[in-house]
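>
Number of protein chains: 2
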Amino acid sequence: MNIGEIAKRAGVSRSTVSYALSGKRPVSAATVRRINDVIAELGYRPNASARALAEGRTRTFGLVIPPASTRLTDVQLEFVASVVEAAAVHDHDVLLSPSGGDHDRSFERIVTGRRVDGVILMEILLADPRVDRLSQAGLPFVTIGHVEHPGASWWVDVDYAGLISRCVRHLADLGHQHVVLINRSDELVAAGYGPALRSTAGFLEAAGQRGLTAHNVCCADDPAAGLACFEQIRERWPGVTAAVTINEAALPGVQRALHRAALDVPRAFSLTGVIADRLAEDFYPPLTAADVPARQMARLAVDLLLEQINDPSATPRHALLEPAITLRSSTGARHG
Amino acid sequence: MNIGEIAKRAGVSRSTVSYALSGKRPVSAATVRRINDVIAELGYRPNASARALAEGRTRTFGLVIPPASTRLTDVQLEFVASVVEAAAVHDHDVLLSPSGGDHDRSFERIVTGRRVDGVILMEILLADPRVDRLSQAGLPFVTIGHVEHPGASWWVDVDYAGLISRCVRHLADLGHQHVVLINRSDELVAAGYGPALRSTAGFLEAAGQRGLTAHNVCCADDPAAGLACFEQIRERWPGVTAAVTINEAALPGVQRALHRAALDVPRAFSLTGVIADRLAEDFYPPLTAADVPARQMARLAVDLLLEQINDPSATPRHALLEPAITLRSSTGARHG
DNA sequence: TTGTAGGCGTTATCAG
DNA sequence: CTGATAACGCCTACAA
Numbered sequence: 001m002n003i004g005e006i007a008k009r010a011g012v013s014r015s016t017v018s019y020a021l022s023g024k025r026p027v028s029a030a031t032v033r034r035i036n037d038v039i040a041e042l043g044y045r046p047n048a049s050a051r052a053l054a055e056g057r058t059r060t061f062g063l064v065i066p067p068a069s070t071r072l073t074d075v076q077l078e079f080v081a082s083v084v085e086a087a088a089v090h091d092h093d094v095l096l097s098p099s100g101g102d103h104d105r106s107f108e109r110i111v112t113g114r115r116v117d118g119v120i121l122m123e124i125l126l127a128d129p130r131v132d133r134l135s136q137a138g139l140p141f142v143t144i145g146h147v148e149h150p151g152a153s154w155w156v157d158v159d160y161a162g163l164i165s166r167c168v169r170h171l172a173d174l175g176h177q178h179v180v181l182i183n184r185s186d187e188l189v190a191a192g193y194g195p196a197l198r199s200t201a202g203f204l205e206a207a208g209q210r211g212l213t214a215h216n217v218c219c220a221d222d223p224a225a226g227l228a229c230f231e232q233i234r235e236r237w238p239g240v241t242a243a244v245t246i247n248e249a250a251l252p253g254v255q256r257a258l259h260r261a262a263l264d265v266p267r268a269f270s271l272t273g274v275i276a277d278r279l280a281e282d283f284y285p286p287l288t289a290a291d292v293p294a295r296q297m298a299r300l301a302v303d304l305l306l307e308q309i310n311d312p313s314a315t316p317r318h319a320l321l322e323p324a325i326t327l328r329s330s331t332g333a334r335h336g
Numbered sequence: 001m002n003i004g005e006i007a008k009r010a011g012v013s014r015s016t017v018s019y020a021l022s023g024k025r026p027v028s029a030a031t032v033r034r035i036n037d038v039i040a041e042l043g044y045r046p047n048a049s050a051r052a053l054a055e056g057r058t059r060t061f062g063l064v065i066p067p068a069s070t071r072l073t074d075v076q077l078e079f080v081a082s083v084v085e086a087a088a089v090h091d092h093d094v095l096l097s098p099s100g101g102d103h104d105r106s107f108e109r110i111v112t113g114r115r116v117d118g119v120i121l122m123e124i125l126l127a128d129p130r131v132d133r134l135s136q137a138g139l140p141f142v143t144i145g146h147v148e149h150p151g152a153s154w155w156v157d158v159d160y161a162g163l164i165s166r167c168v169r170h171l172a173d174l175g176h177q178h179v180v181l182i183n184r185s186d187e188l189v190a191a192g193y194g195p196a197l198r199s200t201a202g203f204l205e206a207a208g209q210r211g212l213t214a215h216n217v218c219c220a221d222d223p224a225a226g227l228a229c230f231e232q233i234r235e236r237w238p239g240v241t242a243a244v245t246i247n248e249a250a251l252p253g254v255q256r257a258l259h260r261a262a263l264d265v266p267r268a269f270s271l272t273g274v275i276a277d278r279l280a281e282d283f284y285p286p287l288t289a290a291d292v293p294a295r296q297m298a299r300l301a302v303d304l305l306l307e308q309i310n311d312p313s314a315t316p317r318h319a320l321l322e323p324a325i326t327l328r329s330s331t332g333a334r335h336g
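Taken in sequence, the protein lines are chains E and R.
Reading the first sequence from the start, the letters are residues 1 to 336 in full-length UniProt numbering.
Reading the second sequence from the start, the letters are residues 1 to 336 in full-length UniProt numbering.
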C-alpha cells in the first residue's frame, strides 16, 4: 500500500496525493476529499523510511540512557517517560540507546547512521567523550546536565550547587551546626559526575559561610549502602543533627537507619536535599526537598532540540533550573 | 557521505562496496582492504533510512510501554532496559511508544508507518485492542502477558496463578490459616489485567484446597495506598497472619504499616509474593518471593520476535515462566 | 571477481 | 490547481 496506489484509485498523480497530505501546496477541496476517502478506505500511511530518505529527516530523536547495568533512579525514569511524551506531542518518536562510553555500538548506530535528527544525552560527565563524538558528527544534541566548560552548547540542568546551598542555609537557620552531605557513589564522583561535584561545592561553600561543621560522604546508589552509610555517619560524628542528600536510591536505607536508631524526624534529626517529589512524599515523614522537575526538563530538552534542528545556525541556549524547595515535615529546629 | 563516494575513492562500483560490506557475494581481499581503508578514513556508515527502504526492514523494534501517567514499576523498568540491551545484541534499535488505548498516535505511527519490523507489547489486558490492531496490521509482535484466549500467538509471561498458589501453600505449610492477597488496583482488575486476575484465581484456589480463610484486596499502585490498605486489612480481619502480594509499588507503605503496628516479620506476620528481586532484597526483612525474571523475559521476547520476523510462517510459540521462590526472611511459622 | 541498472516509496522541482 | 520526473542512498538481480 503506497502513495502510487492511492493516486491511482483517486485518479490523480502521486504528487497530488503527497501535497494533499502535507498541505504544502493548494489542492482543490474536491480532490482532497476524494483522496482522503481512498486513504481512509485502504488505511494508508506513508512509509517512514521512504519519507525520511526523501526529506532528509527522520522525525525521530535518540535518547541516550545509562546502560541497563546501572539502576535507573526514579527521576531518571520519569525523565525518560516524559521525553517520549514530549516528543510525541511533536509527532516524533524516540529511539533508545543505553550506553556509557562512546565505543558503544548502539550509540554509534544512532550517531552515524542518520537514524535520528537529534540526540538527548542523559547523565553526562563533566568531561564526556560522547559529547565530543556528537559535536564532531555535527548532530544536534541537548545534554541533561552540563559539561565543565559548556561554552556554546545546548543543555538543561538543575542548579545542584545552588539548591544544596539553600538546603544548608535552611538547616543553619534552624540552628543546626553539624551537617553532612550524603552524596552519590565514589565511582561517580571519581568519573566526574557533575551533580555530585557541584553539590559538594555548594554544600561546603554554604556550610563555610555559616560556620557549620560539615562532612561530605559518598554512598553507593542502593538502600543497603544508604543504611550502612548513615550508621557510619552516626558513629564517626555523633554530633551531626542534619543531613542533605541527592542520593535517591539510598533513601530507603536511610529510612531504615533512622528507624533502627529510633531517631525521630525532625525532632531529633533533620533530613533534606534534592529529591524527586514522589520519593520525597513517600518518605516518612515527607521530605522537605527541592523537587527535581523531570517533566519540565524533558519538555525543555525536546524544545531546545527541535529549535536546533529547525535552525542549525541558531545560537545555543540552555536552562539552569532552580526549583523551589518544598517545605514538608522532615526538617525542624535543632534539639540535639 | 554515501556509498557512491566510497566507491569512487576506492575505484570500484557502488555494488562492490555494498557487497564488501554485507559479504553477500565474494569480493577479492585486496578490494575489500581498499574499501575498508576508505571507509575508515571517511568514517562512512550506511544511511539507515535508505537501507530500510531498499531492504524492506528497519532493524528496529517497537516497544509499547504504559503511558507516562502510569508510574512504571521496578520490574517494568528493568524489562525496558533489558529489551533494549537484548535488541542491541542483535544490532537492532528500539523505538518507544507510550500508549494505553489503541487510538494513540505514536502507537499508530509505529504500527502503520513501517517504522519497525516488530513490536513488543507490555502490560496487556485480557482483551486488548492493541493486540487486535497489530494482528490486523500483520505486524509481527510478542506480548508480555497473554490475552484470555491466546490461541496461536507469540507471548512470554510469568505464571502468576501458579506462583501465587505456591506462595499460599508455603504459608499453609507454615501453619497460617488466615491469609490475604494484596492485589493491584481496582482499575486494573476492572480493565481485565491478567496478572491481577490470575493471581486472584491462584490465590483463592490454593486457599480453598488448604481450607484457609482468604481475602483478596485491591490496592492502588503507590506507597500511601499500601499503608492504608494494610491498616484496613488489620482492622477488618485481625486474625490475618500472612499476606501475599504482587503489588511492588505498595511495598514501602506496607513496610511502614508493619513498623507502625510494631509487627515483627516473620515472627508476628509473614509476607511473600511475586516481586522483583531487587525490591525483595531491599525490604526489611528481605522478602521470600518469586523473583520476576525480567531480563530473561526480555531476551526471550526479543528472540521470539526475531524468529517471527525471519520466518513469518513460523508456528507461534510462547513461554510461561515459573521462576523459583527464593526463600529469604519474611515468612515463618505462625505464632499469632 | 566486478559492473550496470532498476527499484524501494516519498518529496520536491519544474512545467503545464 | 495538477502532472511528470528527478532525486534521496542503498540493495540486488542480471550481465560480463
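Idealized CB from N, CA, C, for every residue including glycine.
What you are looking at is a predicted structure, and each value in this text was computed from that prediction instead of being measured.
#1: Where residue 384 of chain R and R:F269 are concerned, what is the direct C-alpha to C-alpha distance, given to the nearest angstrom?
#2: With a threshold of 8 Å between beta carbons, is R:S329 in contact with chain E?
#3: Is the beta carbon of E:V111 sitting closer than 8 Å to the one on E:L121?
#4: Thinking E:G175 and E:A333 are a contact (beta carbons under 8 Å), I'd like their distance in whole angstroms, please.
#5: Could you name the residues of the same chain whose beta carbon sits closer than 7 Å to that of R:V147, not counting the 5 residues immediately before and after it, in chain order?
#6: Closest to R:S313 by CA distance: which of R:W155, R:P140, R:I144, R:K24 is it?
#7: Just reading off the beta strand (DSSP E) that R:G273 is part of, what are its end residues?
#8: Would you tell me roughly how many angstroms separate the C-alpha atoms of E:L287 and E:T326, rounded to the nearest one?
#9: So R:P46 is in the alpha helix (DSSP H); what residue range does that whole segment cover?
#10: Please name the residue, chosen from E:F203, E:R25, E:Y160, that lies closest to E:H178 on a Cα-to-Cα basis.
#11: Please list the partners that E:P316 has in chain R, where partner means a Cβ-to-Cβ separation under 7 Å.
#12: Quick one: what's got a C-beta closer than 8 Å to E:G253's C-beta in the same chain, skipping five residues either side?
#13: Starting from R:Y193, follow its DSSP beta bridges and name the residues at the other end.
#14: R:N47 touches chain E at which residues, Cβ-Cβ below 8 Å?
#15: Quick check on E:T245: buried or exposed, where buried means 16 or more other Cβ atoms within 10 Å of its Cβ?
#16: Give a yes or no on whether the minimum CB-CB distance between E:V75 and chain R is below 8 Å.
#17: Three Cβ pairs or more, each shorter than 8 Å: is that satisfied between the region 291-309 of chain R and the region 154-162 of chain R?
#18: Which complete beta strand (DSSP E) runs does the region 28-101 of chain R hold, if anything under 3 residues is left out?
#19: Quick one: what's got a C-beta closer than 6 Å to E:I309's C-beta in the same chain, skipping five residues either side?
#20: Could you tell me which whole beta strand (DSSP E) segments of length 3 or greater appear in the region 149-199 of chain E?
#21: Taking 6 Å as the limit between beta carbons, can you name the residues of its chain near R:P323, skipping five residues before and five after?
#22: Quick check: the Cα distance between E:R133 and E:S106, rounded to an integer number of angstroms?
#23: Listing by chain order, which chain E residues have their CB less than 8 Å from the CB of R:D159?
#24: Report the rounded CA-to-CA distance for E:R57 versus E:R51, giving the unit in angstroms.
#25: Please check if any C-beta of chain R sits within less than 8 Å of the C-beta of E:L72.
#26: When we look at the beta-carbon of residue 338 of chain E and count the other beta-carbons within 10 Å, is it buried (16 or more) or exposed?
#27: Taking C-beta to C-beta, are E:L171 and E:A242 nearer than 8 Å?
#28: Let's see if you can read the secondary structure: which residues bound the alpha helix (DSSP H) around R:F283?
#29: Would you please verify whether the beta carbon of R:A81 is less than 8 Å from any beta carbon of chain E?
#30: With burial defined as no fewer than 16 other Cβ atoms inside 10 Å of the residue's Cβ, what is the status of R:L59: buried or exposed?
#31: Beta-carbon of E:V131 versus every beta-carbon of chain R: anything under 8 Å?
#32: Given this structure, state the Cα-to-Cα distance separating R:L197 from R:P150, to the nearest angstrom.
#33: Using CA atoms only, rank isn't needed, just tell me which of R:S97, R:T143, R:S49 is closest to R:P316.
#34: Can you tell me the Cα-Cα spacing of E:P46 and E:D159, whole angstroms?
#35: What is the C-beta distance between E:R267 and E:H335, in whole angstroms, given that I count them as a contact (C-beta under 8 Å)?
#36: With three or more C-beta pairs closer than 8 Å as the rule, is the region 83-100 of chain E touching the region 275-286 of chain E?
In brief:
#1: Past the edges of chain R, shown from 1 to 336, lies residue 384 of chain R, and the structure says nothing about it.
#2: Here residue 329 of chain R is taken as the residue at index 329 of the second sequence, counted from 1. Chain E contact via Cβ: absent.
#3: Residue 111 of chain E sits at position 111 when you count from the first residue of the first sequence. Residue 121 of chain E sits at position 121 when you count from the first residue of the first sequence. Their beta carbons are not under 8 Å apart, which means E:V111 does not touch E:L121 by this criterion.
#4: The residue you call residue 175 of chain E lines up with position 175 of the first sequence. The residue you call residue 333 of chain E lines up with position 333 of the first sequence. Yes, E:G175 and E:A333 are in contact; Cβ-Cβ is about 5 Å, under 8 Å.
#5: As a position in the second sequence, residue 147 of chain R is number 147, starting the count at 1. Excluding sequence neighbours, R:V147 sits near I124, L126, A127, D128, V131.
#6: Numbered from 1 along the second sequence, position 313 holds the residue referred to as residue 313 of chain R. Nearest of R:W155, R:P140, R:I144, R:K24 to R:S313, Cα basis: R:P140.
#7: For the purposes of this step, residue 273 of chain R is taken as the residue at position 273 of the second sequence. Element bounds for R:G273: 270-275.
#8: By one-based count along the first sequence, residue 287 of chain E stands at place 287. By one-based count along the first sequence, residue 326 of chain E stands at place 326. Near 8 Å, if we compare the C-alpha coordinates of E:T326 and E:L287.
#9: As a working note, residue 46 of chain R is residue 46 in the second sequence. Neither: R:P46 is in no alpha helix (DSSP H) and is coded neither H nor E.
#10: Translated into positions along the first sequence, residue 178 of chain E becomes position 178. Residue E:F203 is the option with its Cα nearest to E:H178.
#11: Start at 1 with the first residue of the first sequence, and residue 316 of chain E comes out as number 316. Ordered by position in chain R, no residue passes the 7 Å Cβ test against E:P316, which lies about 24 Å from the chain.
#12: Against the first sequence, residue 253 of chain E aligns to sequence position 253. Its chain contains D222, P223, A224, A225, G226, L227, A228, C229, F230 as the residues whose beta carbon lies nearer than 8 Å to that of E:G253, once the 5 sequence neighbours on both sides are disregarded; these appear in chain order.
#13: Position 193 of the second sequence, counted from the first residue, corresponds to residue 193 of chain R. Answer by DSSP bridge pairing, in chain order: R:L125.
#14: Here residue 47 of chain R corresponds to residue number 47 of the second sequence, with the count starting at 1. L53, G113, R114, listed in chain order.
#15: Translated into the one-based positions of the first sequence, residue 245 of chain E becomes position 245. Buried, because 16 or more other Cβ atoms sit within 10 Å of the Cβ of E:T245.
#16: Counting from 1 along the first sequence, the entry for residue 75 of chain E is found at position 75. Cβ-Cβ to chain R under 8 Å: no for E:V75.
#17: The count of Cβ pairs closer than 8 Å, one atom from the region 291-309 of chain R and one from the region 154-162 of chain R, reaches three, so the stretches are in contact.
#18: 60-65, 93-98
#19: As a first step, residue 309 of chain E must be located in the first sequence, where it is residue number 309. If we look at E:I309 and ignore the five residues flanking it on each side, its Cβ neighbours are D117, G118, P140.
#20: 155-158, 178-182
#21: Your numbering for residue 323 of chain R matches position 323 in the second sequence. Taken in chain order, the residues that qualify are A290, D291, P293.
#22: Residue numbering aside, residue 133 of chain E sits at position 133 when the first sequence is read from its first letter. Residue numbering aside, residue 106 of chain E sits at position 106 when the first sequence is read from its first letter. Cα-Cα distance, rounded: 13 Å.
#23: If you number the second sequence from 1, residue 159 of chain R lands on position 159. By Cβ distance, chain E contributes nothing, its closest Cβ being about 25 Å from R:D159, past 8 Å.
#24: Sequence index remark: in the first sequence, residue 57 of chain E carries index 57 (1-based). Sequence index remark: in the first sequence, residue 51 of chain E carries index 51 (1-based). Approximately 8 Å between the Cα atoms of the pair.
#25: Indexing the first sequence from 1 puts residue 72 of chain E at position 72. For E:L72, the answer is yes, since a Cβ of chain R falls inside 8 Å of its Cβ.
#26: An answer regarding residue 338 of chain E cannot be provided, because it is not within the stretch 1 to 336 covered by chain E.
#27: In the first sequence, counting from the first residue as 1, residue 171 of chain E sits at position 171. In the first sequence, counting from the first residue as 1, residue 242 of chain E sits at position 242. Going by C-beta atoms, E:L171 is nearer than 8 Å to E:A242.
#28: Start at 1 with the first residue of the second sequence, and residue 283 of chain R comes out as number 283. That residue, R:F283, is in no alpha helix (DSSP H); it is neither H nor E in DSSP.
#29: Position 81 of the second sequence, counted from the first residue, corresponds to residue 81 of chain R. Yes, R:A81 lies at the interface with chain E (some Cβ there is under 8 Å from its Cβ).
#30: As a working note, residue 59 of chain R is residue 59 in the second sequence. For the record, residue 59 of chain R in the displayed sequence is Arg; it is not Leu. R:R59 should be labelled buried.
#31: Counting from 1 along the first sequence, the entry for residue 131 of chain E is found at position 131. Taking Cβ atoms only, chain R never reaches closer than 8 Å to E:V131, which makes this a no.
#32: Along the second sequence, read from residue 1 onward, the residue named residue 197 of chain R stands at position 197. Along the second sequence, read from residue 1 onward, the residue named residue 150 of chain R stands at position 150. Rounded to the nearest angstrom, the two C-alpha atoms are 16 Å apart.
#33: Walking along the second sequence from the start, residue 316 of chain R turns up at place 316. Checking every option, the nearest Cα to that of R:P316 belongs to R:T143.
#34: Locating residue 46 of chain E in the first sequence gives position 46, counting from the first residue. Locating residue 159 of chain E in the first sequence gives position 159, counting from the first residue. If you take the alpha carbons of E:P46 and E:D159, they lie about 43 Å apart.
#35: Residue mapping note: residue 267 of chain E aligns to position 267 of the first sequence, counting from 1. Residue mapping note: residue 335 of chain E aligns to position 335 of the first sequence, counting from 1. The Cβ separation is near 6 Å, so the contact holds.
#36: The region 275-286 of chain E, when compared against the region 83-100 of chain E, does not touch it at the 8 Å Cβ threshold.
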